[in-house]
Amino acid sequence: MNPLDPLIRQFSGLPGIGRKSAARIVFHILNSGPELAQHLGQSLQELHEQIQHCPNCGNYMEVTRETETENQFCTVCLNPQRNPEKLCIVENIRDLYTIEGAQTFDGYYQVLHGTLSPIDGIGPEQLGIHRLLERIRNQGFREVILATNPTLEGDATAIYIKQQLAALQTNGGPLAVSRIASGLPVGGDLEYADRLSVARALESRYRL
5 MNPLDPLIRQ FSGLPGIGRK SAARIVFHIL NSGPELAQHL GQSLQELHEQ
55 IQHCPNCGNY MEVTRETETE NQFCTVCLNP QRNPEKLCIV ENIRDLYTIE
105 GAQTFDGYYQ VLHGTLSPID GIGPEQLGIH RLLERIRNQG FREVILATNP
155 TLEGDATAIY IKQQLAALQT NGGPLAVSRI ASGLPVGGDL EYADRLSVAR
205 ALESRYRL
């Protein structure tokens with residue numbers, strides 16, 4: 005038995021990494037000396053200790069002494085240069101990073117961490133829809149962009165949120181609700197889309 009097989013199997017179990025790629029990673033770590041393995045191991049060990057979800061939007065944020073004593077938010081939520089009237093709702097943090105990489109959207113985000121799926125026991129409560137509505141009401145957004153993926157679950161989630169927002173008004177006026185449109189294939193995920201496709205999808209969003 006190859007002594008590297010257990011580690012290769014662990015790497016090949018990661019998304020997007022096959023056995024050949026996993027073997028190259030393991031050989032690279034082994035040939036780079038013990039320092040790389042030690043730093044990598046320490047970083048992985050501290051990952052869950054130093055990273056948590058932003059209490060405002062659900063994005064990842066680094067845990068520091070300030071965040072332990074104060075209710076700090078992620079760097080996106082704390083950025084005063086962003087447009088306070090726009091909120092983009094995404095399924096997961098990977099989608100948030102994809103949209104940020106397109107450098108087209110300048111508002112804020114809300115991460116659902118999933119989609120509605122009654123079969124799997126995921127309903128509005130599990131996605132925090134009530135907290136989302138409270139945030140929109142309290143923070144005074146004027147436009148909500150539904151950027152859930154163009155799948156059956158993503159569309160159903162977008163329609164449900166649209167229905168919940170129908171009677172909501174902020175800053176004394178009706179709330180504009182739009183959905184990302186062309187640029188993304190039906191059944192595709194934002195995570196795997198290129199920047200140009202994401203940018204076009206945001207620019208071509210349509211009112212619901």
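First residue of the sequence shown? That's 5 in our numbering, and the numbers climb one at a time after it.
For each residue, glycine too, the CB sits at the ideal point set by N, CA and C.
Remember, it's a predicted structure, so these values are computed and weren't measured experimentally.
Count the other CB atoms within 10 Å of the CB of residue i; is the residue buried (16 or more) or exposed (fewer)?
| i | result |
| --- | --- |
| ASN60 | buried |
| THR73 | Model confidence at THR73 stands at a pLDDT of 46, short of 50, so the residue's coordinates are unreliable and nothing is read from them. |
| ALA41 | exposed |
| PHE109 | buried |
| SER182 | buried |
| GLU95 | buried |
Can you tell which of the options has the C-alpha that lies nearest to the C-alpha of residue i?
| i | options | result |
| --- | --- | --- |
| PRO154 | LYS166, HIS57, ALA205 | ALA205 |
| SER121 | GLY158, ARG135, GLN114, ASN142 | GLY158 |
| VAL148 | GLY132, ILE165, GLN130, ARG23 | ILE165 |
| LEU116 | GLU207, ILE126, ILE29, ASP110 | ILE126 |
| SER25 | GLU39, GLU104, ASP9 | ASP9 |
| GLU50 | GLU39, GLU66, PRO19, ARG13 | GLU66 |
For residue i, which beta-bridge partners are listed by DSSP?
| i | result |
| --- | --- |
| GLN114 | ILE93 |
| ILE29 | ILE29 pairs with nothing; no bridge assigned. |
| ILE126 | SER121 |
| ARG211 | SER182 |
Between which two residues does the beta strand (DSSP E) carrying residue i extend?
| i | result |
| --- | --- |
| GLU147 | 147 to 150 |
| ALA180 | 180 to 183 |
| GLU66 | 64 to 66 |
Which stretch, first to last residue, makes up the alpha helix (DSSP H) that contains residue i?
| i | result |
| --- | --- |
| GLN107 | Per DSSP, GLN107 belongs to no alpha helix (DSSP H) and is neither H nor E. |
| LEU54 | First, the residue type needs correcting, since residue 54 is Gln and not Leu in the sequence shown. Looking at the DSSP string, the run of the alpha helix (DSSP H) that includes GLN54 is 38 to 54. |
| TYR164 | 156 to 169 |
| GLU138 | 133 to 143 |
| PRO10 | 9 to 16 |
Say whether the region 81 to 99 touches the region 29 to 46, bearing in mind that this needs 3 or more beta-carbon pairs closer than 8 Å, one atom from each stretch.
The region 81 to 99 makes no contact with the region 29 to 46, as fewer than three CB pairs between them are under 8 Å.
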